[in-house]
Amino acid sequence: MKVQIEKIESYDFDKIYNFIEKLQLEKILRDKKKILVKPNLLGAFAPERAVTTNPVVVDAVVTYLKKIGKDVILGDSSGGTTSIKVVWEKTGMNKVAKKHNIRLVNFISDGIIQQRTKDLKFPITKYIWETDAVINLCKYKTHSLMSYTGAIKNLYGVIPGLKKSDYHKEHPDHTQFAKVITGLYSIVSDRIAFNIMDGIVGMEGDGPSAGDPRNFGVMFASRSASALDYVASSMMGFQPDKLEYIIPALKIDNIEISEIEISEEWKHFKFKKVKIKKIGLYVKLLTYSPKFLKDIFKKYYTYYPDFNDKCKKCRICVDSCPVQAMELKEGDAHPTIDYDKCIKCMCCHEMCPYQAIYIHKSFLAKFLIK
Ligand code: SF4
Ligand code: SF4
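According to the working numbering, the sequence shown is numbered sequentially starting from 126.
Here you go:
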C-alpha cells in the first residue's frame with residue numbers, strides 16, 4: 126500500500142493542486158459521481174491556529190474534483206456546542222463552498238444511519254452512505270488523549286455533535302477509546318476512497334486544539350488511512366504499535382506493515398524534536414507491573430484539566446463535558462471542575478476556542494509526557 130509524501134512548505138495553492146493532480150484520483154473515482162469531502166473541522170478555529178484542515182487544501186481538492194466532473198459536498202461535525210455555521214465561517218469553509226458553489230452539509234440536523242459492531246453501536250451521518258465515495262481530508266496533529274491524530278481519528282467526526290461525548294463517558298481511557306475508534310473504522314473504512322493529510326502546518330504539544338502550530342511542511346496521501354497514519358505517526362516520533370488503534374486498523378485494511386510503500390527519501394525520515402506525549406512507558410508500566418506497583422504508579426501519575434486566565438466564559442467546555450463535571454457560576458473568572466466526577470476525557474481542553482484550559486501534570490506525568 127502506497128503512502129505518498131510531498132514537501133510543501135506553505136499554503137501555496139498551485140503546489141498543493143499539483144500534488145493532488147499526481148494522486149490519480151480520476152482513476153480511483155472513475156465510477157463515482159457524488160463525493161463527500163470530509164475535512165477536520167474540530168471547532169470554530171481560524172486556519173492559522175492549525176487545528177482544522179486549512180481552507181487552501183480544501184480548495185485545491187475541491188477544485189480538482191470539480192475539474193474531473195464530480196458533484197461535491199463538504200461536511201464534518203465538530204465536537205462541541207458551537208453552531209456549525211460559526212465553524213464553517215471561522216474555518217474558511219464558507220468561502221470555499223461559495224467559490225465552488227457546493228453545499229456544506231450539516232451532520233447533526235440532516236440525519237443519521239445507525240450501525241453496529243459486535244460490541245458497539247454508532248449513529249453515523251447518512252452522507253457516508255448517500256454519497257458514492259468519501260475523501261478524508263485530515264490534519265496532522267498531536268492529541269492529548271490518543272497521542273496522535275491523523276486520518277483514522279478524523280473519521281470520528283462522522284458521529285454527529287455531542288453524541289461523540291457519550292463514547293468518552295463510556296470508554297474513558299485511551300485503551301478503551303482506541304477500541305471505539307477501530308470499531309467505527311471497521312464500519313466506515315470501505316466508504317473512504319482516499320485520504321489526504323494537511324501536514325503543511327500541523328500541531329505539536331497539547332493537541333488537538335491547544336498545542337503549538339508546527340510547520341512540518343509536508344502533505345501525505347494514501348488509499349489507506351491506517352497505512353497513512355502508520356507512516357505519518359512514525360515520522361512524528363511515535364511507535365505506531367503503542368498508539369493502540371493503528372495496528373488494529375491495518376488489520377481491518379488487510380495490510381501488513383511490510384506492504385506499506387514510501388519513497389526512498391522518506392524511509393528513515395523523522396521530524397526533529399516534536400513535542401509529543403509518549404505513552405509507551407506508561408502503557409508498559411500499567412500492563413506488566415504487579416498490582417502494588419500499578420497502584421503507586423497511578424497515584425503519582427496524575428494529570429487533569431485546569432484553567433489559565435484566558436477564559437472568556439463562553440461555556441463551550443461546560444456544555445461539552447460528557448459527565449457534567451463542570452460548572453460556571455456567576456461572578457467566577459472561569460468554570461470549576463468536580464474532579465471526583467471528571468473522567469479526564471479532555472473534551473473541555475479540546476473544545477476551548479481560547480486555549481484557556483491546560484493539562485496540569487504531576488511530576489511523574491511531566492517526566493513521561495514531553
Ligand atoms: S475555559 Fe474556554 S471553553 Fe470554557 S468557558 Fe472559558 S473560554 Fe469558554
Ligand atoms: S471536566 Fe473536562 S476532562 Fe473532565 S470529564 Fe469534563 S470534559 Fe472531560
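Every residue gets a Cβ at the ideal spot worked out from N, C-alpha and C, and that includes glycine.
Other residues of its chain near residue i: CB distance less than 8 Å, five sequence neighbours each side excluded
i           : result
residue 311 : 242, 377
residue 251 : 235, 236, 237, 238
residue 405 : Per-residue confidence for residue 405 stands at a pLDDT of 48, beneath the threshold of 50, marking its modelled position as unreliable; no derived number is given.
residue 267 : 273, 274, 328, 329, 330, 331, 332, 333, 336, 361, 399, 400, 401, 402
residue 430 : 462, 467, 469, 471, 473, 474, 482, 483, 484, 485
residue 487 : 425, 426, 427, 428
residue 222 : 199, 213, 228, 229
residue 218 : 164, 166, 180, 183, 199, 212, 229
residue 174 : 334, 338
residue 321 : 145, 148, 182, 186, 260, 261, 262, 263, 344, 345, 346
Residues sharing a beta bridge with residue i, DSSP
i           : result
residue 229 : 199
residue 370 : Answer is none; residue 370 lacks a bridge partner.
residue 129 : 346
residue 431 : 483
residue 337 : 329
residue 264 : 323
residue 239 : 248
residue 175 : According to DSSP, which records beta bridges pairwise, residue 175 is partnered with nothing at all.
residue 259 : 161, 317
Proximity test, residue i beta-carbon vs ligand 1 heavy atom, cut-off 7 Å
i           : result
residue 482 : yes
residue 459 : yes
residue 170 : no
residue 446 : no
residue 174 : no
residue 476 : yes
residue 479 : yes
residue 432 : yes
Three-way DSSP call (helix, strand, coil) for residue i in this model
i           : result
residue 309 : helix
residue 485 : strand
residue 458 : coil
residue 448 : coil
residue 467 : coil
residue 142 : helix
residue 159 : strand
residue 273 : strand
residue 247 : strand
residue 352 : helix
residue 495 : Model confidence at residue 495 stands at a pLDDT of 48, short of 50, so the residue's coordinates are unreliable; what they give is reported in the following sentence. Coil.
residue 405 : Unreliable positioning characterises residue 405 in this predicted model, as indicated by a pLDDT of 48, which lies under 50. The coordinate reading is nonetheless provided below. If DSSP states are grouped into helix, strand and coil, residue 405 belongs with the helices.
residue 478 : coil
residue 185 : helix
residue 221 : helix
residue 386 : strand
residue 303 : helix
residue 212 : helix
residue 135 : coil
residue 298 : coil
Test item: CB-CB of residue i and residue j under 8 Å
i           : j           : result
residue 456 : residue 399 : no
residue 182 : residue 153 : no
residue 296 : residue 304 : yes
residue 445 : residue 467 : no
residue 447 : residue 293 : yes
residue 354 : residue 277 : yes
residue 394 : residue 341 : no
residue 385 : residue 126 : yes
residue 96  : residue 476 : This structure leaves residue 96 out entirely; the chain is present only between 126 and 495.
residue 160 : residue 144 : no
residue 284 : residue 319 : no
residue 233 : residue 240 : no
residue 349 : residue 380 : yes
Contact test: residue i Cβ vs ligand 2 heavy atom, cutoff 7 Å
i           : result
residue 333 : no
residue 451 : yes
residue 438 : no
residue 469 : yes
residue 441 : no
residue 472 : yes
residue 237 : no
Nonlocal neighbours in the same chain, by C-beta distance under 6 Å from residue i, ignoring five residues either side
i           : result
residue 157 : 257, 258
residue 179 : 136, 172, 323
residue 176 : 167, 170, 334
residue 515 : The chain is shown from 126 up to 495; residue 515 falls before or after that span and cannot be answered.
residue 216 : 166, 177
residue 282 : 201, 202
residue 129 : 346
residue 375 : 351
Contact with chain B by residue i, beta-carbon distance below 8 Å
i           : result
residue 395 : Of the protein chains in the structure, only one exists, and it is not chain B.
Contacts around residue i, its chain only, beta-carbon distance under 7 Å, and the 5 residues preceding and following it disregarded
i           : result
residue 203 : 166, 167, 168, 209, 212
residue 370 : 277, 303, 306, 307
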